[in-house]
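Peer 1: To start, I am sharing the structure in question, which I have written as structure tokens.
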Amino acid sequence: MAKIGVFICHCGENIAAKVDCTKLAAALGEHPGVAVSVEYKYFCSDPGQESVKKAIRDNNLSGIVIAACSPRMHEATFRKACAEAGLNPYLCEIANIREQCSWVHTDGDMATAKAMDIVRSMVEKVKRNNKLQSIEVPVTRRALVIGGGIAGLQAALDIANAGQEVVLVEREPSLGGHMAQLSETFPTLDCSQCIMTPRMVETAQHPKIRLLTYAEVESVDGYIGNFKVKIRMKSRYVDMNTCTGCGDCMTKCPAKKISSEFDCGLGKRTAIYTPFAQSVPNIPVIDKASCIYFKNGKCKMCQKSCQLNSINFEMQDEFIDLEIGAIVVATGFQVQNTAVYGEYGYGKFPDVITGLQFERLASASGPTAGKILRPSDGKEPENVVFIQCAGSRDPSKGVRYCSKICCMYTAKHAMLYAHKVHGGKTHIFYMDIRAAGKGYDEFTRRAIEEDEASYVRGRVSKVWQENGKLMVRGVDTLLGKPVTVAADMVVLATAMVSQPNAKEFAKTIGIAYDEYGFYNEAHLKLRPVESSTAGVFLAGACQSPKDIPDSVAQASASASKVLALFSKEKLEREPVIAVNNEATCAGCWGCVLACPYNAIEKKDIRDRSGRLIKQVAYVNPGLCQGCGTCVTFCRSNSLDLAGFTEKQIFAEVMGL
Amino acid sequence: MITQEKYRTTVKELLASGSVKMVIGYKPGSTPDRRRPLFIRTSEEADQLVLDSTCMTNLSGYLVTEGLLSDEKRVGIFLRPEGIRSINILAAEYQLNIEQIVILGFDSTGRDVRPLEGRNAGDFSGLLSEIKEKPVQTSKEPLLERIEKMNAQERFDFWQEEFSRCIKCYACRQACPMCYCRRCIVDSNQPQWINTSSHTLGNFEWNIVRAFHLSGRCVQCGNCDRACPVNIPLRLINQRMATEVLDGFDHFAGLSPTQEPVLASFKKDDTETFIL
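Structure follows, in structure tokens:
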């Protein structure tokens, strides 16, 4: 016999202003099976919860309905209260009479009538609720960090320093990511490599970190606490165990004219190469596409020069299978291809460069050893024009969003230029200066006041070449006049975009992404570092454009989430999972295909002598996320979802 | 007649060589224009085989009879192109092993019956693709056209009228090769989603659920249509759903034994015209 308790919450005025709670409580008191029906101002408060617990104990209730706000708000609160009162927490249901009733209706009488329907429907459901036990799944205490930029390094170090194992996967031959390419960093102007390389070395030497460079994540299966990850170790053609990184091979390599990715095309590298001098690990790889031996079958100069016999042209890609408990995705960003803007002349005029290229020019380890020299003739530019928002905040051609870092790095570029080229002139075309951050506004002011950066508020319409100069035509919107500046070099503050394969990769890991290919967080404000998939966390610019402090902060936040997950031996999961009726299952495997989590497998049904009678679907409780897709697909209604069974839903519908 | 004689010989040869344990075909029925299924195990039984233009029934449903194929021996079966599509779907839904099926294909125009080339499902893939590109006209077309011209209310009234005759005998389900579930949703009464009594609501529930369960699976063999004792033009509903699935997902049911079920699979290039 059902003894249901109904608790109607006023939510202050939120519900009570529209719904007549007294009338509602009285009406529900009359409903069959309802033993207690009471109202209260705030059931979520301490005394409110105590009264619920007391009612459960005093009346020996078999289930309760809290008529209040959305279950997203307080379902966990009241389930806990239930458990404390000795009632199975899954015998508690929330009837949402706030978001779905009082907030959206103006007529009080009708809102009250609707609230009655909603609560009655939940009473009918809770009568058919089953006692469910939360599911425990073991946790593999090993984290996978994807990406060896600053965000990935920070996350890996934080997790490893807390004593947990980390596997760090980087697809490039060296750690470092974009930060290693930068010259000096805002707002303190400390040398990027000086603060980055110690981190890289620390990571490589950390006893808890297994470093896999020149490696890519091939597939991810499994679920939170129990991922199975396959890593492809791309063949370096250099034996990592014997190579000492002496660099003889690189000096001997005759293919020297290959455009360096690390120097953004401003420098050259060999076919056997490390991306930069401080590479970690300092072990070269052979770029198969440029290597003379791989192209013509002759050369092997590197192999001859190597005294340790480390070079092996027969090397093949290898695969490593890993058991992983949590994943931190820190795959970073790319800069937009600014060639889409014909008016800026990028790709046409060699002296129109991107911000990242300017970083390489200004970097002490760069192709010009830190001297600002223009790419066309190697001369020092006397007048540099910077164009901000060259791609960002432009729905027509570029991207709609703000790339966040460009205001700051353009100010920094102007400063670096002023420091390195005395007497040089800078013009910065901008839309707004967005310098929100600790020490950021002071920094841009310093660029203007101390380093004489000349800011022009307006857009640039055209860049063309005239008498060896780059003519920049724009508008000064504050003066309301068109301006033309004769420049020696133009630097575009290119938009930050997602990695070209970001969407494909998101599908590999099974996380959600936005229209731009940036990875979606579970909740923009309250769960900013969790992805939509349990056990997968986000760090750095793969989620949205970020500067270094933000990337590092998010990486540490992700690490703390991973550590929280690893703090327990077993994970508790909601027991809302699909269950198959093996007697009626027809074995069509539609559910297997339909399941987005690969949670359904085929199970053999055998007789006593071991003969196969039939195969049926089996839902792995550890993998099932309780989405219910299989339930809707199953034609014979063999699949049912615990907590939302057909019986419960039917009763809910009939209770309306 | 020539085709029938030829096929009688083929059946005898197949049985004699032991390459099939049984052949499912047609024999005379209670009236000259009706045919019954015939299960041929011996050479003598093969003499009863009839093959003419009145052999309309899609026999593929008999293949999923419990235990028939579990000994892994092969079974021959007379199938029209729709029937071949049916067994492709049954294979795709893991209800039978396509390797075990020997197809004796035929088709008819007017009163003429002609054999179809091939014995294995794969042999007919070209033919099926052709049918996908050039659908065969059916005799019910005019009615379908009339219904499609109706507005929503008229259409609702039309089907209400048609369904009012439904007596919930489930002959359509029994006749359909796709309805192989061990327990049909209408046999489940905890909860009873579909009302068992033959009133408007229950009749709508049953027929609409059936239409959805057959979306992307119906091959328009007409078994349900012919089985219906009260002559509800059931095939039209499924035909309409087939058109929707073809337009929406370029899915032509039963094209191959490995085709993924349209409602359980996801393709990146689905047109998704239904998403506003």
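Chains as they are written, first to last, in the working numbering: chain A, 1 to 656; chain B, 657 to 932. Beta carbons: idealized from backbone N, C-alpha and C, even for Gly.
1. Start and end of the beta strand (DSSP E) containing B:Gly681?
2. Do you know offhand how far A:Glu450's Cα is from A:Leu524's?
3. Within its chain, find whatever has a CB closer than 7 Å to the CB of A:Gln133; leave out the 5 residues flanking it on each side and keep chain order.
4. Would a C-beta distance cut-off of 8 Å place A:Ala81 and A:Gln49 closer than the cut-off?
5. Which two residues bound the contiguous alpha helix (DSSP H) that contains A:Gln49?
6. Should the segment 357-370 of chain A be regarded as contacting the segment 469-488 of chain A, the criterion being three or more beta carbon pairs within less than 8 Å?
7. Quick check: the Cα distance between A:Thr244 and A:Glu314, rounded to an integer number of angstroms?
8. Is B:His907 close to chain A, meaning its C-beta is less than 8 Å from at least one C-beta of that chain?
9. Name the residue from A:Arg57, A:Glu13, A:Asn129, A:Asn580 whose alpha carbon lies nearest to the alpha carbon of A:Glu652.
10. With DSSP collapsed to three states, give me the class of A:Gln205.
11. Spatial neighbours of B:Ile850 within its chain, please: CB distance less than 8 Å, with the 5 preceding and 5 following residues excluded, ordered by chain position.
12. Can you pull the DSSP bridge partners for A:Ile690?
13. When the Cα atoms are used, what is the spatial distance from A:Ala151 to A:Asp547?
14. Taking the alpha carbon of B:Lys668 as the reference point, which residue from B:Ile696, B:Arg882, B:Asp903 has its own alpha carbon closest?
15. Have a look at the DSSP bridge pairing and note the partners of A:Arg269.
16. Does DSSP put A:Asp248 in a helix, in a strand, or in coil?
17. Just the Cα atoms here: how many angstroms apart are A:Glu13 and A:Ile159?
18. For A:Gly148 versus A:Met179, is the C-beta distance shorter than 8 Å?
19. By the 7 Å beta-carbon criterion, what residues does the segment 582-599 of chain A contribute toward chain B?
20. How about B:Pro847: is its C-beta nearer than 8 Å to some C-beta of chain A?
21. Taking Cβ positions only, does B:Gln751 come closer than 8 Å to chain A?
22. In chain A, which residues lie less than 7 Å from B:Tyr836 when you measure between Cβ atoms?
23. With distances taken between CB atoms, is the gap from A:Ala495 to A:Ser403 smaller than 8 Å?
24. Pull up the distance between the alpha-carbon of A:Trp464 and that of A:Gly345, whole angstroms please.
25. Can you list, in chain order, the stretches of the alpha helix (DSSP H) that have 4 or more residues and sit fully within the segment 771-842 of chain B?
26. Mind checking which residues open and close the alpha helix (DSSP H) that includes B:Thr665?
27. With DSSP as the reference, please indicate the residues paired to B:Asp768 in a beta bridge.
28. Against chain A, with Cβ distances strictly below 8 Å, would B:Pro913 count as a contact?
29. In chain A, what lies closer than 8 Å to B:Cys840 by C-beta?
30. Exposed or buried, A:Pro89, counting other C-beta atoms within 10 Å across all chains shown (16 or more means buried)?
31. Please list the terminal residues of the continuous alpha helix (DSSP H) segment that includes A:His413.
32. Would a check of beta-carbon distances place A:Lys647 closer than 8 Å to chain B?
33. Buried or exposed: which applies to B:Ile680, given that a residue is buried once 16 or more other Cβ atoms fall within 10 Å of its Cβ?
34. Give, in chain order, every residue of the segment 867-880 of chain B whose Cβ lies closer than 8 Å to some Cβ of chain A.
35. With DSSP as the reference, label A:Cys9 as helix, strand or coil.
36. What first and last residue would you give for the alpha helix (DSSP H) that runs through A:Asp550?
Peer 2: By the coordinates alone:
1. Position 25 of the second sequence, counting from 1, holds the residue named residue 681 of chain B. Annotation for B:Gly681: the continuous beta strand (DSSP E) segment containing it runs 678-684.
2. One-based indexing of the first sequence puts residue 450 of chain A at position 450. One-based indexing of the first sequence puts residue 524 of chain A at position 524. About 38 Å.
3. For the purposes of this step, residue 133 of chain A is identified with residue 133 of the first sequence, where counting begins at 1. Cβ neighbours of A:Gln133 beyond the five flanking positions: Pro575.
4. The residue given as residue 81 of chain A occupies position 81 in the first sequence. The residue given as residue 49 of chain A occupies position 49 in the first sequence. Yes.
5. Taking the first residue of the first sequence as position 1, residue 49 of chain A is located at position 49. In the DSSP assignment, A:Gln49 falls within the alpha helix (DSSP H) that extends over 46-59.
6. No, the segment 357-370 of chain A is not in contact with the segment 469-488 of chain A.
7. By 1-based counting over the first sequence, the position of residue 244 of chain A is 244. By 1-based counting over the first sequence, the position of residue 314 of chain A is 314. CA-CA distance, A:Thr244 to A:Glu314, rounds to 20 Å.
8. In the second sequence, residue 907 of chain B corresponds to position 251, counting from 1. When Cβ-Cβ separations below 8 Å define contact, B:His907 makes no contact with chain A.
9. Residue mapping note: residue 652 of chain A aligns to position 652 of the first sequence, counting from 1. Nearest to A:Glu652 by C-alpha distance, out of A:Arg57, A:Glu13, A:Asn129, A:Asn580, is A:Asn129.
10. Counting from 1 along the first sequence, the entry for residue 205 of chain A is found at position 205. Collapsing the DSSP output to three states places A:Gln205 in a helix.
11. For the purposes of this step, residue 850 of chain B is taken as the residue at position 194 of the second sequence. Non-local beta-carbon contacts of B:Ile850 in its own chain, meaning distances under 8 Å to residues more than five positions away in sequence, involve Ile841, Val842, Gly858, Glu861, Trp862, Val865 in chain order.
12. Chain A is shown only over 1 to 656; residue 690 of chain A falls outside these bounds and no answer can be derived.
13. Working through the first sequence from its first residue, we reach residue 151 of chain A at position 151. Working through the first sequence from its first residue, we reach residue 547 of chain A at position 547. Taking the straight line from one Cα to the other gives about 10 Å.
14. Within the second sequence, numbered from 1, the residue matching residue 668 of chain B stands at position 12. Out of B:Ile696, B:Arg882, B:Asp903, B:Ile696 has the C-alpha closest to the C-alpha of B:Lys668.
15. To locate residue 269 of chain A, count along the first sequence from 1; it is residue 269. Per DSSP, A:Ile258.
16. By one-based count along the first sequence, residue 248 of chain A stands at place 248. A:Asp248: helix per DSSP, three-state reduction.
17. For the purposes of this step, residue 13 of chain A is taken as residue 13 along the first sequence, with counting starting at 1. For the purposes of this step, residue 159 of chain A is taken as residue 159 along the first sequence, with counting starting at 1. Roughly 46 Å separates the two Cα atoms.
18. Residue numbering aside, residue 148 of chain A sits at position 148 when the first sequence is read from its first letter. Residue numbering aside, residue 179 of chain A sits at position 179 when the first sequence is read from its first letter. 8 Å or more divides the Cβ of A:Gly148 from the Cβ of A:Met179.
19. Against chain B - using a Cβ distance shorter than 7 Å - the residues of the segment 582-599 of chain A are Thr584, Ala586, Gly587, Cys588, Trp589, Gly590, Leu593, Ala594.
20. Taking the first residue of the second sequence as 1, we reach residue 847 of chain B at position 191. Yes, its Cβ sits closer than 8 Å to a Cβ of chain A.
21. Within the second sequence, the letter at position 95 stands for residue 751 of chain B. Answer yes: the Cβ-Cβ gap between B:Gln751 and chain A drops below 8 Å somewhere.
22. Here residue 836 of chain B corresponds to residue number 180 of the second sequence, with the count starting at 1. Correct list: Ala586.
23. The residue you call residue 495 of chain A lines up with position 495 of the first sequence. The residue you call residue 403 of chain A lines up with position 403 of the first sequence. Yes, Cβ-Cβ distance for A:Ala495 and A:Ser403 is below 8 Å.
24. As a working mapping, residue 464 of chain A is identified with position 464 in the first sequence. As a working mapping, residue 345 of chain A is identified with position 345 in the first sequence. Cα to Cα, the separation comes out at about 7 Å.
25. Runs of the alpha helix (DSSP H) inside the segment 771-842 of chain B: 781-789, 797-805, 808-819, 827-831.
26. Position 9 of the second sequence, counting from 1, holds the residue named residue 665 of chain B. Segment 658-672, the alpha helix (DSSP H) holding B:Thr665.
27. The residue labelled residue 768 of chain B in the question sits at position 112 within the second sequence. Answer is B:Thr765.
28. The sequence position of residue 913 of chain B within the second sequence is 257, counting from 1. Against chain A, the CB of B:Pro913 has no partner CB under 8 Å away; the residue lies outside that interface.
29. Counting from 1 along the second sequence, the entry for residue 840 of chain B is found at position 184. Think of a sphere of 8 Å around the beta carbon of B:Cys840: the chain A residues whose beta carbon falls inside it are Ser636, in chain order.
30. The count along the first sequence starts at 1 and reaches residue 89 of chain A at position 89. Around the beta carbon of A:Pro89, 16 or more other beta carbons sit within 10 angstroms, so the residue counts as buried.
31. Stepping through the first sequence from its first residue, residue 413 of chain A is reached at position 413. That run of the alpha helix (DSSP H) goes 406-420.
32. By 1-based counting over the first sequence, the position of residue 647 of chain A is 647. Yes - at least one Cβ of chain B is within 8 Å of the one on A:Lys647.
33. Your numbering for residue 680 of chain B matches position 24 in the second sequence. Within a 10 Å sphere around the beta-carbon of B:Ile680 sit 16 or more other beta-carbons, which makes this residue buried.
34. Answer in chain order: His869.
35. As a first step, residue 9 of chain A is located in the first sequence; it is residue number 9 there, counting from the start. Of the three classes helix, strand and coil, the one that applies to A:Cys9 here is strand, per DSSP.
36. What you label residue 550 of chain A is simply residue 550 of the first sequence in a count that begins at 1. Boundaries of the alpha helix (DSSP H) harbouring A:Asp550: 548-566, taken from the DSSP string.
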